[in-house]
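Beneath this line is the structure, given in structure tokens, with notes to follow.
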Amino acid sequence: MSTLRTPFVGGNWKMNTNAAEGYSLIDSIQKQMQGNGVDVAVFPPFPYLMSIGNAIQNQTVLGAQDLWHSDNGAFTGEVSTDMLKDCGVKAVLTGHSERRHVIGESDGLVNQKTKRALETGFIAVLCIGEQLEEREAGQTDAVNERQIRAGLDGVSESQLESVVIAYEPVWAIGTGKTATPEDAQDAHAKIRELIGQMYSPAAASAIRIIYGGSMKPGNAPELMAMPDIDGGLIGGASLKAEDFCGIISAAQGSLVS
Ligand code: PEP
């Protein structure tokens, strides 16, 4: 990686682990992790945020997989930014493909959540990416552009400093299929160019754009060697400390490549 952008590696645990497994996972990650110069975050399920947060002893950031965009009130089942702060959360995912395509979140709702996260002082990891039919129809860049323009609508250039964009082709998530480094690089470069048009060249070169979709220790080095890939959002492989730490090491290795 030839820029000054600090790599970002996030582990999205999704709806996995129980209390004991989560504790053991964070404990092993901390013992094995060698990631100087890499920003590392874990996104455990809501019920375990407090206990995982208490178990974190190094610079690892505690993240949440979702948030609600209003003040505390009558929103049954939802979790507010005040509650997340109480648990020590510093980063949140918005627009993850499972929330868009399984739960049915619209671009508008993703935008409200992203703005709420930024207004209340969190790092927002805005996830975008095309579905298989969209890729096959040649719509990858158009989908990415639509999701970025909608997701960042009303977000200022100074707020953008707290945004990480995760490009996650939906067909690669949890499937074992990974975008080739060249295809991923092409999408990332276009996303960066779009940020340049929407904001400024400085904003484009500063923003971190990370890749997600079946990243593993084996394919992470070649993906992260690409000039516009600044880290990864990891699902399945983040549930094994050895694999997650291997990916963090690949991000660290990209700093000198
Ligand atoms: C994800 O859920 O963001 C993800 C990239 O999952 P996986 O690594 O399992 O494909």
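Mapping of the sequence shown onto the numbering used here: position 91 corresponds to residue 118, and the numbering continues sequentially without gaps.
Ideal Cβ positions, reconstructed from N, Cα and C, are used throughout, including at glycine.
Report the CB separation of residue i from residue j in whole angstroms; it is logged as a contact under 8 Å.
| i | j | result |
| --- | --- | --- |
| L221 | I175 | 6 Å |
| T141 | T167 | Contact doesn't hold; Cβ gap of about 21 Å is too wide. |
| L250 | A211 | 6 Å |
| D109 | N99 | 6 Å |
| I274 | M242 | 6 Å |
| A101 | V88 | Wrong, their Cβ atoms sit about 30 Å apart, outside the cutoff. |
| N138 | A177 | 6 Å |
| D257 | F35 | 6 Å |
| P72 | W40 | 6 Å |
| K204 | N171 | At roughly 18 Å, the Cβ-Cβ gap does not stay under 8 Å, so K204 and N171 are not in contact. |
Taking the alpha carbon of residue i as the point to measure from, which residue in the options has its own alpha carbon closest?
| i | options | result |
| --- | --- | --- |
| Q158 | N138, P196 and R143 | P196 |
| G280 | Q61, I155 and D109 | Q61 |
| C272 | L31, S55 and N43 | S55 |
| H215 | I130, G259, N63 and I53 | G259 |
| A264 | S78, V137 and G37 | G37 |
| I79 | H123, K41 and A46 | A46 |
| F70 | N63, T202, L52 and Q59 | L52 |
| G64 | R219, R32 and I256 | R32 |
| P254 | R219, I150 and I200 | R219 |
| R143 | V182, A277, N81 and G115 | V182 |
| E132 | D93, R162 and A164 | D93 |
| F149 | E125, K117, Q86 and H128 | K117 |
| S227 | L187, M42, G245 and S124 | L187 |
Determine the extent of the alpha helix (DSSP H) in which residue i is found, giving its start and end residues.
| i | result |
| --- | --- |
| N81 | L76 to A82 |
| Y50 | A46 to Q59 |
| D93 | Taken as a continuous stretch (DSSP letters only), D93 belongs to no alpha helix (DSSP H), as it is neither H nor E. |
| R235 | Element bounds for R235: not the alpha helix (DSSP H) but the beta strand (DSSP E), R235 to G239. |
| V190 | No alpha helix (DSSP H) holds V190; the beta strand (DSSP E) holding it covers V190 to Y194. |
| G273 | A268 to S281 |
| I222 | P208 to M225 |
| V137 | D134 to E146 |
| H111 | A small correction: the amino acid at residue 111 is Leu; His does not occupy that position in the sequence shown. Per DSSP, L111 belongs to the alpha helix (DSSP H) from T108 to D113. |
Starting from residue i, trace the beta strand (DSSP E) in both directions and tell me its first and last residue.
| i | result |
| --- | --- |
| D168 | No beta strand (DSSP E) contains D168, which is instead part of the alpha helix (DSSP H) from T167 to G178. |
| D66 | D66 to F70 |
| N39 | F35 to N39 |
| G259 | G258 to I261 |
Would you say residue i reaches chain B, if we count a Cβ-Cβ gap shorter than 8 Å as a contact?
| i | result |
| --- | --- |
| I155 | Absence of chain B from the displayed structure is noted, only one protein chain being present. |
Worksheet item: Are at least three pairs of beta-carbons, each pair with one atom in the region 184-193 and one in the region 222-239, less than 8 Å apart?
Response: In short, these stretches touch, since the Cβ pair count reaches three.
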